[in-house]
Amino acid sequence: DQQVKQNSPSLSVQEGRISILNCDYTNSMFDYFLWYKKYPAEGPTFLISISSIKDKNEDGRFTVFLNKSAKHLSLHIVPSQPGDSAVYFCAASSGSSNYKLTFGKGTLLTVNP
Amino acid sequence: KAGVTQTPRYLIKTRGQQVTLSCSPISGHRSVSWYQQTPGQGLQFLFEYFSETQRNKGNFPGRFSGRQFSNSRSEMNVSTLELGDSALYLCASSPGLAGEQFFGPGTRLTVL
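Protein chains in written order, with my numbering: chain A, 1 to 113; chain B, 1001 to 1112.
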């Protein structure tokens, strides 16, 4: 049973445009959500997070939106740059197990120059 | 600060053998978590240690075990290796803030 789902295995956008990566979850106990970026042969790198008490968090070019009623979150990257090309993972945790992250299977983002 | 380091980076074993992987967290981090990444299952949580105690455990068989030392360094062990254990094993450390884990580069284990 996959509790965190990233339904788009890949996404391709033009440099300078917006990239929107989506993530759905099923476990109502999740209250903390994170996005990680992963390049080949490297470990995931933390990008941005959001607590369930918020519906938006922004950090530079990256913004995460959370819709609790729909159990949906999204990562917006504006403007997209070729260096953003990587696999993006959505992850979630619950207050009782803050250090047990449940990951989606990732979305490969390709930003074309 | 140095990042999370994992050794070895690559490992080849045969079925039935056992393997030990090592992880050194970022200095000052007391929580260490282990994850398995495979093409089919994605990233899956194995276990988490804090101050030498296992605090959280994922849904893996008892062949997968771990420990943490007083200096926060951690090891994970897989006994009686199976072909399906071939994966990238990632270690992550945390300073204690909820969910913000910092990952190492991983150990690529191949079981033949």
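Positions of the beta carbon are idealized from the N, C-alpha and C atoms, including for glycine.
Any C-beta of chain A under 7 Å from that of residue i
i                     : result
serine 1033(B)        : yes
proline 1095(B)       : no
phenylalanine 1069(B) : no
asparagine 1056(B)    : yes
proline 1105(B)       : yes
leucine 1083(B)       : no
Residue environment, residue i, which counts as buried when at least 16 other CB atoms sit within 10 Å
i                 : result
aspartate 1(A)    : exposed
leucine 1046(B)   : buried
glutamate 1048(B) : buried
lysine 91(A)      : The amino acid at residue 91(A) is misidentified as lysine; the sequence shows alanine. Label assigned to alanine 91(A): buried.
aspartate 1085(B) : buried
serine 1094(B)    : buried
glutamine 1017(B) : exposed
alanine 86(A)     : buried
Collapsed DSSP secondary structure at residue i in the structure displayed
i                     : result
glycine 1016(B)       : coil
glycine 95(A)         : helix
glycine 1084(B)       : helix
aspartate 84(A)       : helix
phenylalanine 1069(B) : coil
phenylalanine 1045(B) : strand
threonine 26(A)       : coil
aspartate 1(A)        : coil
lysine 105(A)         : coil
arginine 1030(B)      : coil
phenylalanine 1064(B) : strand
alanine 1092(B)       : strand
aspartate 31(A)       : strand
lysine 56(A)          : strand
serine 8(A)           : coil
arginine 1055(B)      : strand
lysine 37(A)          : strand
isoleucine 20(A)      : strand
leucine 1109(B)       : strand
is_contact[residue i, chain B] using C-beta, thresh 7 Å
i               : result
glycine 16(A)   : no
proline 30(A)   : Proline is not the amino acid found at residue 30(A); the sequence shown has phenylalanine there. So no, phenylalanine 30(A) is outside the interface.
glutamate 58(A) : no
lysine 105(A)   : yes
Interface residues of chain A facing residue i [CB-CB closer than 8 Å]
i                 : result
glutamine 1101(B) : Phe46, Tyr99 and Leu101
glutamate 1048(B) : Tyr99 and Lys100
leucine 1090(B)   : Gly43 and Pro44
Anticipated Cβ contact below 8 Å, residue i with residue j, distance rounded
i                : j                 : result
leucine 1068(B)  : valine 1032(B)    : According to the sequence displayed, residue 1068(B) carries glutamine and not leucine. That pair is a contact at about 6 Å.
tyrosine 36(A)   : leucine 47(A)     : 6 Å
glutamine 6(A)   : lysine 105(A)     : 6 Å
glycine 1104(B)  : threonine 1005(B) : 6 Å
serine 28(A)     : asparagine 112(A) : Not really, about 38 Å apart at Cβ, beyond 8 Å.
tyrosine 32(A)   : valine 4(A)       : Actually they are not in contact, since the Cβ atoms of tyrosine 32(A) and valine 4(A) sit about 12 Å apart, beyond 8 Å.
isoleucine 18(A) : serine 69(A)      : In fact, because the Cβ distance is near 24 Å, the residues do not count as touching under 8 Å.
Chain-ordered neighbours of residue i on chain B, where CB pairs are closer than 7 Å
i              : result
glycine 125(A) : No answer is possible for residue 125(A): it lies beyond the span of chain A, which begins at 1 and ends at 113.
Contact set between residue i and chain B, taken where Cβ atoms lie within less than 8 Å
i            : result
serine 19(A) : Those do not exist, as serine 19(A) stays about 20 Å from chain B at its closest Cβ, beyond 8 Å.
Within chain A, partners of residue i - CB distance below 9 Å
i               : result
glycine 1028(B) : Simply none; closest approach about 16 Å.
Under 9 Å by beta carbon: chain B residues contacting residue i
i                   : result
phenylalanine 89(A) : Gly1042 and Leu1043
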